[in-house]
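In terms of this note's numbering, the sequence shown is numbered consecutively and its last residue is 243. The structure appears below as structure tokens.
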Amino acid sequence: MMILYDYLFSGNGWKVRRTLRLLDLPHRWQELDLLTGETRAPWFLEKNPVGEIPLLELPDGTCLAESHAILWFLAEGTPWLPDDRRQRAEVLRWMCFEQTHVDGVISRARFRRGFPGVVPTTEADFARWHAQGERALAVLDAHLAERRWLAAERPTIADVAVYAYTHVADEGGFNLAGRPHLQAWFQRVEGLPGHLRIDERPPQGQSA
């Protein structure tokens, strides 16, 4: 059985949790506490020398790191990753957008507001992230004004990836109220089977 090493409040971890549930894939969930350094334990560094979660351990003992690589691996051969080359490129486009403009900006502001003092942060940092994040949210809102899903005519792993941190962007001080198309898309994503909140704890050590 696969094992997902994760941290509950991680949006990147949520992406994998959500995809596993969408695909109804049996796995065990094991939480590691980022704040107390559990991902730096020697046994975990043997599995992932970078010391980051999420990490998916496959039944043969090999491990996959990086949330989007894991999503791509899990979704291959399913409707969540199209066969058409152009649509696959669109999926990759929005996953890259998420890594640069959402995970690289919005999630940083959210983490530092949620856990003040863990990582030194200045007001200039917040101001820069706020400007960049608001631009990213505006791009998404405009894109979704003309379509129901980000990359194709149906939901894909791009929607899972981008939803993770955008739907909690207000926790980082970003404006979601004035973005109706983004809000409507949130509702569509949440309406997919087996919705999982970002703070919803799977049963640890059991098939989730």
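Just so you know, even glycine gets a beta-carbon here, dropped at the ideal spot from N, CA and C. Because the structure is a prediction, the values reported are computed rather than measured.
Item to check | Residues that Y40 bridges to, as DSSP identifies them | outcome: Note: Y40 sits in a beta bridge opposite Q65, L90.
Checklist entry - Thinking C-beta only, is L217 closer than 8 Å to L175? => result Against a cut-off of 8 Å, the Cβ pair of L217 and L175 comes out as a contact.
Next on the checklist: Using CA atoms only, rank isn't needed, just tell me which of G48, F44, L43, M36 is closest to A196.
Outcome noted: Closest in alpha carbon position to A196, among G48, F44, L43, M36, is G48.
Item to check | Assumed close pair D41, I88 - CB separation to whole angstroms, cut-off 8 Å | outcome: Yes, they are in contact, since the Cβ atoms of D41 and I88 sit about 5 Å apart, within 8 Å.
Item to check | Nearest candidate by alpha-carbon position, reference W72, set P238, G168, F209, G86 | outcome: Strictly speaking, residue 72 in this sequence is Gly, with Trp absent from that position. Among P238, G168, F209, G86, the Cα nearest to that of G72 is on G86.
Item to check | Touch test, the segment 46-60 against the segment 227-239, Cβ-Cβ under 8 Å, three pairs minimum | outcome: At 8 Å Cβ cutoff, the stretches touch.
Checklist entry - Based on Cα-Cα distance, which residue from G213, N210, A171, R214 lies nearest to D138? => result Checked all of G213, N210, A171, R214; the closest Cα to D138 is A171.
Next on the checklist: Can you give me the C-alpha to C-alpha distance between L91 and R63, rounded to a whole angstrom?
Outcome noted: Between L91 and R63, the C-alpha separation is close to 10 Å.
Checklist entry - If you scan the segment 92-164 from start to end, which runs of the beta strand (DSSP E) of 3 or more residues do you find wholly inside it? => result If you keep only unbroken beta strand (DSSP E) runs of at least 3 residues inside the segment 92-164, you get 98-100.
Item to check | Status (buried if at least 16 other CB within 10 Å, exposed otherwise) for F150 | outcome: Exposed, because fewer than 16 other Cβ atoms sit within 10 Å of the Cβ of F150.
Next on the checklist: If I measure Cβ to Cβ from D118 and keep anything under 6 Å in the same chain, skipping five residues before and after, which residues do I get?
Outcome noted: Closer than 6 Å at Cβ, skipping near neighbours: no residue.
Checklist entry - Rounded to the nearest angstrom, how far is the Cβ of W164 from that of V203, given a contact under 8 Å? => result The C-beta distance from W164 to V203 rounds to 14 Å, too long to fall under 8 Å, and the pair is not in contact.
Item to check | W78 versus A212: straight-line alpha-carbon distance, rounded | outcome: Our two residues, W78 and A212, have alpha carbons roughly 44 Å apart in a direct line.
Next on the checklist: Which same chain residues end up closer than 6 Å to G168 when comparing Cβ atoms and leaving out the 5 residues on each side of it in sequence?
Outcome noted: V140, I141, F209.
Item to check | Cβ-Cβ distance between L67 and R236 below 8 Å | outcome: No, the pair does not count as a contact, with Cβ atoms beyond the cut-off.
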